[in-house]
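If you read the sequence shown in our numbering, its first letter stands for residue 2, the second for the next number, and so on.
The beta carbon of each residue, even a glycine, is placed where N, CA and C say it ideally should be.
Bear in mind the structure is a predicted one, so any value in this text is a computation, not a measurement.
All remarks here apply to the structure that follows.
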Amino acid sequence: MNGFANPVVMTSIPMTDKPAESEPKATAVSAPKIAVAGLNFHYGAHQVLHDINLKVEEKKITALIGPSGCGKSTFLRTLNRMYETVRHARVEGQVRLDREDVLSMDVSALRRRVGMVFQRSNPFPKTIFENVAYGLRVNGGGRGANLAEKVEASLRRAALWDEVKDQLHKSAYALSGGQQQRLCIARALAVEPEVLLLDEPCSALDPIATAKIEELLFGLRQSCTIVIVTHNMQQAARVADDTGFFLLGRLIEFDETKLIFKKPAKKETEDYITGRFG
2 MNGFANPVVM TSIPMTDKPA ESEPKATAVS APKIAVAGLN FHYGAHQVLH DINLKVEEKK
62 ITALIGPSGC GKSTFLRTLN RMYETVRHAR VEGQVRLDRE DVLSMDVSAL RRRVGMVFQR
122 SNPFPKTIFE NVAYGLRVNG GGRGANLAEK VEASLRRAAL WDEVKDQLHK SAYALSGGQQ
182 QRLCIARALA VEPEVLLLDE PCSALDPIAT AKIEELLFGL RQSCTIVIVT HNMQQAARVA
242 DDTGFFLLGR LIEFDETKLI FKKPAKKETE DYITGRFG
C-alpha cells in the first residue's frame with residue numbers, strides 16, 4: 002500500500018430510452034426529534050459546554066459517553082431546561098424539539114413532552130400508586146377508574162406491574178433499588194412523554210437490575226425517543242443506536258454506535274473506549 006486511493010476508472014455510460022418516471026426517486030429524510038446547534042453552556046463565568054452540534058433521531062436510543070465531568074449530564078439537562086434550577090446558568094445556541102424552540106417554549110409543556118429519570122432513584126414519600134399518579138393528577142390526567150388504568154399501564158410499560166400489583170398502596174420506599182428506579186421510569190412515562198432522558202439510571206444497581214432496565218429500554222424505544230448518559234461503555238454498546246463521546250465539554254464524535262466502538266474516527270474516542278484514559 003502506498004497510502005493513495007485506487008484511481009477511479011471513468012467509463013462511458015450508454016444512453017437509453019428509459020422513461021424519466023422509471024428512474025429512482027429521492028427518499029425524503031425525516032427531521033430529527035431533537036436538533037442542537039452551536040450550544041454553549043455557562044455556570045456564571047465558567048463555560049461547561051462548547052459549540053455542541055447533535056441530532057437525536059426519533060424512536061432511537063442515543064447514548065452519551067465520556068469521563069466524569071466532561072459535560073454529559075449538563076448537556077442532558079439542556080434538553081428539558083432542568084438547568085434552570087441552578088442560579089447563574091446560561092445557555093447560548095439552539096435546541097429544537099420537532100423544530101420548536103426548546104429555550105423559549107413553556108417549561109411545563111416542555112417537561113410533559115421530555116421526561117427525565119435521574120442517577121439515583123428518587124421516589125416520592127408516597128405509595129407506589131401515588132408516585133405514578135402524581136404527574137397525572139398535576140396534569141389533569143384522569144380520576145377514579147381512568148386514573149387507575151393509566152397507573153397500571155405505566156407500571157406495565159416499566160415492566161413493574163407484575164411485581165407490585167398486590168402492594169400498590171404500600172410505601173415506594175419498600176421497593177428494592179432496581180424496582181424504585183423502574184418506578185421512577187413509570188412515573189415519568191405516566192404523562193406519555195415523547196422523549197425520555199436518563200442520567201446514569203443503572204449506576205447504583207446490581208447486574209440483574211441493570212439487565213431489567215436495559216430490556217425495558219428496548220421496549221420503550223417503540224414509542225419513545227431515549228437519550229441516556231452512561232459511564233458504562235458496554236451498556237452503551239448493548240442498547241444504543243447512536244453514541245456521542247464527550248470530552249472536556251466538547252462533543253468529540255457522534256455516530257452510529259457500531260462505528261463508534263469498532264471504527265472511531267477520532268483518536269480521542271479510540272483512546273477512551275480502549276481504556277488508554279478515563
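Nearest neighbour of residue i, chosen from the options [CA to CA]
i    : options                   : result
H51  : A32, R121, V37 and D272   : V37
A32  : R97, H47 and E85          : R97
Q48  : A90, T79, E59 and R78     : A90
R1   : R100, E101 and V118       : Beyond the ends of the chain as shown, which are 2 and 279, falls residue 1; an answer cannot be given.
R114 : I261, A189 and I274       : A189
K73  : I129, A191, E195 and F247 : F247
K170 : A134, L197, I253 and A154 : Contrary to the premise, residue 170 reads as His rather than Lys in this sequence. For the residues A134, L197, I253 and A154, the minimum Cα distance to H170 belongs to A134.
T1   : I53, E150 and I253        : The chain is shown only over 2 to 279; residue 1 falls outside these bounds and no answer can be derived.
V240 : L252, E101, Y84 and L221  : L221
S109 : N81, L218 and T211        : N81
A205 : K166, E269 and N233       : N233
C71  : I186, A159, A160 and I253 : I253
L161 : L148, A149 and L176       : L176
F125 : Q181, S155 and V139       : Q181
CA-to-CA distance, residue j to residue i, given in whole angstroms
i    : j    : result
V152 : F255 : 37 Å
E24  : N41  : Residue confidence is low: E24 scores 47 on pLDDT, short of 50, so the model does not pin down where it sits. Its coordinate-derived value is still stated next. Each residue's alpha carbon lies about 44 Å from the other.
L1   : R183 : Beyond the ends of the chain as shown, which are 2 and 279, falls residue 1; an answer cannot be given.
Q223 : L249 : 33 Å
E22  : T275 : Residue placement at E22 is flagged as unreliable, the pLDDT there being 45, under the threshold of 50; a coordinate-derived value is accordingly withheld.
C203 : K263 : 24 Å
A6   : Y44  : Residue placement at A6 is poorly supported in this model, since its pLDDT is 40, which falls under 50; the coordinates still yield a value, given next. Using only the alpha carbons, I get a separation of about 47 Å.
E93  : L104 : 9 Å
K61  : G116 : 15 Å
A27  : K56  : With a pLDDT of 46 at A27, under the threshold of 50, the predicted position of this residue should be treated as unreliable, though the coordinate-derived value follows. So the two alpha carbons sit approximately 21 Å from each other.
D107 : R277 : 44 Å
G178 : D163 : 17 Å
Q235 : D200 : 16 Å
G4   : I209 : Interpretation of G4 is limited by its pLDDT of 42, a score under 50 that renders its predicted location unreliable; the figure taken from the coordinates is listed afterwards. Cα to Cα, G4 sits roughly 48 Å from I209.
A237 : T231 : 7 Å
I35  : E131 : 31 Å
D272 : A146 : 55 Å
T63  : D207 : 22 Å
G136 : P68  : 33 Å
E216 : P194 : 19 Å
R88  : G39  : 22 Å
A197 : F219 : Looking at the sequence itself, residue 197 is Leu, so the reference to Ala does not match. Going from the Cα of L197 to the Cα of F219 covers about 13 Å.
K267 : R158 : 38 Å
K259 : T270 : 13 Å
Residue i - partner residues in DSSP beta bridges
i    : result
T244 : A64 and D256
M117 : L198
E269 : According to DSSP, which records beta bridges pairwise, E269 is partnered with nothing at all.
D102 : R97
A90  : Y44
T226 : V196
Terminal residues of the beta strand (DSSP E) in which residue i lies
i   : result
L55 : H47 to V57
8 Å contact criterion, which residue i and residue j should meet: CB distance rounded
i    : j    : result
T244 : I227 : About 13 Å separates the two Cβ atoms, so there is no contact after all.
A173 : K127 : 6 Å
Limits of the unbroken alpha helix (DSSP H) element including residue i
i    : result
F42  : Where F42 is concerned, there is no enclosing alpha helix (DSSP H), although the beta strand (DSSP E) it sits in stretches over I35 to Y44.
A149 : G145 to R158
K213 : P208 to L221
T173 : What sits at residue 173 in the sequence shown is Ala, not Thr. Run containing A173: none; DSSP gives neither H nor E here.
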